[in-house]
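A.B. asks: Numbering (the working numbering), first residue to last: 505 to 654.
Ideal Cβ positions, reconstructed from N, Cα and C, are used throughout, including at glycine.
A single structure is presented below for examination.
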Amino acid sequence: MKERFDFGLERVRRVRVHDEDRAKEALAASLAHRERHEARLQAVAAQLESARFAAPLAAEAAVDVAALRARQAYVERLERTRLVAALEVDRADAEVDARRTVVTAASRKREVLDRLRDRQAAAHRLEVARAEGVRLDEIALQGHLRAKAA
């Protein structure tokens with residue numbers, strides 16, 4: 505019996521570890537992507553809030569219709585931009601959820617092989633210890649028989 509433990513599925517386990525690492529990297533990229541979209545949404549929301557309440561028109565001042573229309577068009581454009589940014593955040597959330605699912609699946613696949621390797625290594629250590637015990641018993645028996653014969 506060889507003293508060194510060799511896990512027969514080590515190559516497969518390494519591939520699973522690699523797959524899990526790549527899935528984690530993809531999740532990290534998705535999270536960063538989502539954070540960028542969230543920051544954009546917050547910026548647009550702040551712009552929209554500022555545009556809505558930035559320059560209240562004085563009641564006694566003459567109202568320029570063109571300025572009112574331009575301001576309203578700007579606010580509407582910001583609202584559309586905010587809506588698009590919110591949709592992008594929702595899409596990014598869905599992507600993050602999908603990536604988390606992939607990481608979980610990859611982790612489970614790797615853990616199965618890790619547990620199998622650990623069980624086989626423990627069984628191997630037990631077998632090596634048993635074989636060593638048998639060898640030591642044989643040596644002790646031979647020594648006892650020689651001492652008895654002498």
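Is there contact here, the stretch 533 to 547 with the stretch 589 to 597, by at least three beta-carbon pairs under 8 Å?
C.D. replies: Because the criterion of three Cβ pairs below 8 Å is met, the stretch 533 to 547 and the stretch 589 to 597 touch.
A.B. asks: Where does the unbroken alpha helix (DSSP H) through Leu-617 begin, and where does it stop?
C.D. replies: From DSSP, the alpha helix (DSSP H) with Leu-617 extends over 569 to 653.
A.B. asks: Specify whether the stretch 579 to 595 and the stretch 608 to 627 touch according to this definition: at least 3 beta carbon pairs, one from each stretch, less than 8 Å apart.
C.D. replies: As far as the Cβ criterion goes, the stretch 579 to 595 does not touch the stretch 608 to 627, which means the pair count is below three.
A.B. asks: Please work out which residues of its chain come closer than 6 Å, Cβ to Cβ, to Ala-530, disregarding the five sequence neighbours upstream and downstream, and give them in chain order.
C.D. replies: Here the set comprises Arg-603.
A.B. asks: Three-state secondary structure (DSSP) at Arg-508?
C.D. replies: Coil, per DSSP.
A.B. asks: Can you check which of these residues, Arg-508, His-537 and Leu-649, is closest to Val-600 by C-alpha distance?
C.D. replies: Measuring from the Cα of Val-600, the nearest candidate turns out to be His-537.
A.B. asks: Determine the contact status of Leu-582 and Gln-546, defining contact as a CB-CB distance below 7 Å.
C.D. replies: Not closer than 7 Å, so no.
A.B. asks: Check whether the Cβ atoms of Ala-609 and Glu-524 lie closer than 7 Å to each other.
C.D. replies: No; because the gap between Cβ atoms is not below 7 Å, this pair is not in contact.
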